[in-house]
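Input: a single structure, listed below in C-alpha cells.
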Amino acid sequence: MDQGPAITGKSIPRIDGPVKVRGQAKYAAEYDVADLLHAAIVSASIAKGRVISIDAAAAKNFPGVVAVLTHKNRPWFWPFSFLYKDLAGPPGKPFRPLYDDRVLFSGQPVALIVADNYEAARDAAALVSVSYEREQHATDLAVEVSKAYKPPRHRLGLAPTPHPTGDADRAFLASPVKVEASYTTAAENHHPMELFATTVEWSDKIVTVYDKTQSPKSVEIFLKVALRLFRRKVRVVSSFVGGAFGLGLRPQQSVILAVLAAKALKRSVRLVLPRDHMFALGYRANAIQTVSLGADENGRLLAIKHQAVAATSQSEDAQDPMLNFSASLYRCDNVKLTYQLAKLDTVSPCDMRAPGAATGMFALECAMDELAYAINIDPLALRLANYTERDQSENRPFSSKALRECYLQGAERFGWAKRSHAPRSMRKGKELIGWGMATGVWEAAMSPAPARVKVSLLADGRFEVTTSITDIGTGTYTILTQIAADALGAPRERVVVKLGDSALPFNPIQGGSWTAATSGSAVQAACDKLKKKILLRAKQTGIVGNGQATELLSPAALADLLKLSGSDNLSATATIINVKFGKKYASATHSAVFAEVRIDEELAVVRVTRLVCTVAAGRILNPATARSQIIGASVMGIGKALYEDAATDHNLGRCMAHNFADYHIPSNADVYDIEVLFVEETDDKVSPIGVKGLGEIGSVAVAPAIANAIFHATGQRMRDLPITIDRLTRLSD
Amino acid sequence: MEVRANTALHVTLTINGVERKASIEPCVTLLDLLREKFDLTGTKKGCDHGQCGACTVLINGKRINSCLVLAVSRDGSEITTIEGIGTANELHPLQDAFVRHDALQCGYCTPGQICSAIGLISEGKAKTRDEIREAMSGNLCRCGAYIGIVDAIEEVIAAPRRKTVR
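Chains A and B supply the protein sequences, listed in that same order.
Residue numbering for the first sequence follows the UniProt record's numbering, starting at 1 and increasing by one per position.
Residue numbering for the second sequence follows the UniProt record's numbering, starting at 1 and increasing by one per position.
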C-alpha cells in the first residue's frame, strides 16, 4: 500500500476549518429554498395555567402574514404522548408544542406566525394577544425540595445510581474527622452560538429538513412517527451544527413547529428561534446537594454520603449521572448515595456538557478540599491517599486508569509544590492569589445503540466515508478522516467524509462523549472490510497475483480495478455494536485540574489566571482538536464557576435572563492561560480503537478547582455556584 | 399590503466590491438583508441584540454588528463580509492562522471573529495579548476557542506580511 506515515494521533488541521473560516459552511437556517415562508413564535407569559383565548386578528391582518397556528387550528396530533418519544428523552411525557391549551412553562410557544418574510412574522407575533387562566406555579427548588422523590422510572441507557456499600451512616458518626456541607448549583443554559433553527423544504414526496440537531436520525424517526410523515420520505440534514452542548440531543421545538407549519400549509418554512427563547428550550438542572465525608487523621476516607435533589419538569423525570462517580472515584468502604428529583413548572432539563457529573463532582470535590483543610493536609495528598485501582461500587478493575499520572504531571506542570497551604497566604499587590485543584471523571462508553458506517471506493480513486452522525464542532470530520486514511493506507486528501444526513447509514446520537470511540471504530471496521474486498476483487480480476498490496491502492490501480470489475464503486459497511465487557471492567476518563485565581481584595473581582488540565482519555486521535475540546470545556467550566445563572423570578415563574447581557458566558477577556496535557494511557478494552472520548471530561473538574482556589485565596468557602461578586463580598463583610 | 409596499425604500450597497441594490422596508437590518435577500449567509445571526458579535461585518473598513444596523441607513456604504475575505486557494492570513491555531470548533462565530479581527488590526490599537483579548471581547465563542483566536491574531499582528502558505 502507498501508505505514508500514519496520521492518526497527529495534530492535523481541522478538515472543515477552511470552509468555516470562509463562511461557506451552511448551517440549518442558511439553505436557500424556493418560495420560503418564515415563522415566528408567540411565547406564554405565565408559567402554569390554561390559554383561554388567543386574539390574532391584528396579526392575521398584518401585511405578509399567511397563517397563525395555535392549538386550535394546528394539524392533527396523536393523542398518545408515547409516540413523541425520542432516542434521548427521559421517562415521562415529552413536551408537544401547540398540543392543547395547557401552559406548562413560561416561554412555552402558544402560537406560530407564518409570513412571507421574516420581518412580518416577527412583527406580527408582537400583535397577538393571549389571555390566560393562571394557576399557582412552583419554580423554586429550595421550596419544592420538600417534595423530592426518587424517580420511579429509570432513564434508558443511564447507569443507575450505585447501591450503598457498608454502613455509611454509622461509619460517618464514628469517624474521627467529619466534614458535612450543602452545596447549590444554579440552572445553566447551553447557549450554542447558532440559534436553534429549521428550514423545511416541503414537497409531496420528500420533505427535506435542514435542522440544528445532534441526531438527524432521531429527528427523522420522530418526524415520521410523531408528526405522522410516515407516508413521505423524510431527510434530515445537519452538515454543520453551530454548537449544541446537549441541547440538540432531542428533537427541538424549532423542528417540531417548523414541520407543523409546513405540513399545515404544504409550503416550505423556516423558523429561527430567538436568543431569548434559548432559555425555554432546556437547561442544566439546578441542584441542592449535601456531602458528608468521614475520615481518619491521615485522611483515609471512612464514609462518603452524598445526596442530591435536582430540578425536573412536571411532565418528565430528567435524570443524569449526578452521583454515579461518588462511589467509585475514591477508596472507601462505606458509601451512601441518594439521588432525588423535585418537580418544577419549567421546561424539562436537558443534558448539558458533562450532565450530572459537572454538578455532583463540584460538591464532592469541594468537600474533599474541606476535608483536606479539616485534617490540615495538602488537597492533592488527600486525593492520593484515597486513590483506588478498583471500582469499589461494583468491585471490579478499571479497563485503564492513569489518574495518578494526571495528578503528578499536572502538579509538576502547575508548580503545585510551591503552594503554601494556609488560606490568604499568597498575594501580589492588591490581589489575593489562590491555588486549588480538583479531580474529574466521566464514563468512557460506546454508544448504547449500534452505529453504521459505509466506506466506498469512488471512480476517481477517492474513498467516501458516510454515516449519519453530526460534527457539532467536536472534530468528528477530522478524526474520521484520519482513521480512514490510515486504515486504507491512503493520503487524507483521498478521503472524503460525509456526515450529518439521515439518508446516510444509521448512527444514533452525537453525545455522551462516545462518538469518537463508536464512529471511529465503525470507520476502522468498514475500511478493513473494504480493503479485503478490494484485494479479493483484485485477485479475481487478475490485477494482482498473491495480494501484493503495495501497488494496489494507487488511484490508477483502483480505477483499473473498478473498470475491470464493471462497477462504479465498491463499498463496505460495518456496524459497531456496543462492546460488551459486561461487568468485568469499569471504564472512565479522568482528569486533574489545577487552577490559579487572582482576586482583587477590595472589589472581589475573580480572575482565573491559569488552568492546567491533565487528562487521561485513552488514545488521542488528534492532539490539536482534542486540546481544543478540553480548552473549550474548561471555558464553559469557568462560566459555571463564576458567571452562569439562569435565575428565575419566582413571582412570575420566569427566567430573569433574556440575553447575553443578563446571562454572562465567558468572553475572550475572561479567559487567560489554559494548558492541556494528555497523559499516556493505553486501553485495549474500552473500544476497538482504544479511544475513550473527550466531549465531557474537560468540564467536570474546572468549577470545583476554581471554588477551591477561591477558598485558598480568601479563606471563604463558597458553596453556591456561580461565585459572583455579590456572593463573595457578602461573605467578607 | 398597500401600506408596507409604500414604505419600501431603495438602498444601494457595495458588498465585497459588487454593487447590490434592494428595495426594502426601513425595519430590515443589514444582517437580515445579507442573509435572507442576498444569500450571503457567512454573516451569522447569534443574538440579534449586538451582544455576541457573530454578525460582525466591515462597513467602510470599520467592524460593526450588522444586526444593529438598519440597512437603509447605510445607503452608499462599502460592506465587506466574510465572503469577500480570502479565496479557497488563497486564504486571508487571518483565516489561515485561524485554521492552523485551531481557533474554531463549531465555526459559527468564526466569520464574525475574523471580520472583527481585521477591523481590530486596522484600528492599530491592540498590540499585546491582553489588549487583543479585551478588544475581541465583543465576539463570543461558546466553544471556548479564545486561546486559539488570540494566538492567531497575535501572529498576524506580529507578521502582517507573512505569505500565506496553503
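Here a beta-carbon is modelled for each residue, glycine too, at the ideal position from N, C-alpha and C.
If contacts are defined as beta-carbon pairs under 8 Å, then residue i and residue j qualify, I think. What distance do you get, rounded to the angstrom?
| i | j | result |
| --- | --- | --- |
| ASP75/B | THR12/B | 6 Å |
| LEU293/A | LEU371/A | 5 Å |
| ALA357/A | PRO321/A | 6 Å |
| ILE79/B | ILE59/B | 6 Å |
| ASP471/A | HIS421/A | The Cβ separation is near 45 Å, so there is no contact. |
| MET446/A | TRP514/A | 6 Å |
| VAL236/A | VAL269/A | The Cβ separation is near 15 Å, so there is no contact. |
For residue i, which residues does DSSP report across the bridge?
| i | result |
| --- | --- |
| LEU273/A | Note: LEU273/A sits in no beta bridge, so no partner. |
| ILE631/A | According to DSSP, ILE631/A bridges with nothing at all. |
| ILE113/A | ALA40/A, VAL68/A |
| VAL130/A | ILE54/A |
| GLN340/A | VAL309/A |
| ASP211/A | THR198/A |
| SER23/B | HIS10/B |
| ALA616/A | HIS590/A |
| GLY473/A | Looking at the DSSP assignment, GLY473/A forms no beta bridge with any residue, so it has no partner. |
| THR609/A | Answer is none; THR609/A lacks a bridge partner. |
| VAL236/A | VAL209/A |
| THR56/B | ASN65/B |
| GLY92/A | GLU316/A |
Just curious, the alpha helix (DSSP H) that residue i is in, first and last residue?
| i | result |
| --- | --- |
| ALA438/A | Careful: ALA438/A lies outside any alpha helix (DSSP H), inside the beta strand (DSSP E) at 431 to 443. |
| ASP673/A | Looking at the DSSP string, ASP673/A is not in any alpha helix (DSSP H); the run it does join, the beta strand (DSSP E), is 673 to 678. |
| HIS10/B | No alpha helix (DSSP H) holds HIS10/B; the beta strand (DSSP E) holding it covers 9 to 15. |
| ASP460/A | Premise fails: ASP460/A is in no alpha helix (DSSP H) and is neither H nor E. |
| THR541/A | 515 to 541 |
| LEU694/A | Premise fails: LEU694/A is in no alpha helix (DSSP H) and is neither H nor E. |
| LEU257/A | 253 to 265 |
| ILE153/B | 146 to 158 |
| GLN95/B | 93 to 100 |
| LEU408/A | 403 to 414 |
Checking 7 Å against the spacing of the C-beta atoms, do residue i and residue j come in under that value?
| i | j | result |
| --- | --- | --- |
| ARG267/A | LEU37/A | yes |
| ALA303/A | ALA168/A | yes |
| ARG142/B | HIS163/A | no |
| GLN524/A | ILE469/A | no |
| LEU87/A | PRO508/A | yes |
| VAL497/A | THR481/A | yes |
| ALA438/A | PRO722/A | no |
| SER43/A | GLY89/A | no |
| ALA661/A | TYR283/A | no |
| VAL72/B | LEU30/B | no |
| GLN214/A | GLY473/A | no |
| ARG232/A | VAL207/A | yes |
| SER238/A | LYS93/A | no |
| VAL691/A | GLY618/A | yes |
| ILE599/A | VAL608/A | no |
Between residue i and the rest of its own chain, which residues show a CB-CB distance below 7 Å, the 5 nearest in sequence each way excluded?
| i | result |
| --- | --- |
| THR164/B | Caution is warranted here: a pLDDT of 47 is assigned to THR164/B, below 50, making its placement in the model unreliable, and the coordinate value is therefore given only provisionally. Within the same chain, THR164/B has close Cβ partners GLU90, LEU91, PRO93, ASP96. |
| GLY639/A | ILE665, PRO666 |
| ALA6/A | ASP486 |
| LYS533/A | LEU570, ALA572 |
| LEU127/A | ALA58, ALA59, PHE62 |
| PHE77/A | ARG96, TYR99 |
| TYR132/A | ILE46, GLY49, ARG50, VAL51, ILE52, VAL103 |
Please return the same chain residues whose Cβ sits closer than 8 Å to the Cβ of residue i, not counting the five positions on each side in sequence.
| i | result |
| --- | --- |
| HIS154/A | PRO91, PRO160, GLN319 |
Taking residue i as part of the beta strand (DSSP E), name the residues at either end of that continuous run.
| i | result |
| --- | --- |
| ALA574/A | 570 to 576 |
| ILE288/A | 287 to 295 |
| VAL597/A | 588 to 600 |
| VAL496/A | 495 to 498 |
| ASN65/B | 62 to 65 |
| ALA181/A | 177 to 185 |
| PHE129/B | One detail in the question is off: residue 129/B reads as Arg in this sequence, not Phe. Unbroken run through ARG129/B is the alpha helix (DSSP H), 129 to 135; no beta strand (DSSP E). |
| ILE79/B | 78 to 80 |
Skipping 5 residues on each side, what residues in its chain have a beta carbon closer than 6 Å to that of residue i?
| i | result |
| --- | --- |
| ALA287/A | THR185, ALA308, ALA310, THR359 |
| LEU329/A | VAL441 |
| ALA158/B | none |
| PHE196/A | LYS212, GLN252, SER254, LEU273 |
| PHE222/A | ASP86, PRO251 |
Verify the contact flag: residue i, CB atom, against every heavy atom of the ligand PLP, threshold strictly below 6 Å.
| i | result |
| --- | --- |
| GLY695/A | By its list of ligands, the structure shown contains no ligand whatsoever, and the ligand PLP lies outside what it can speak to. |
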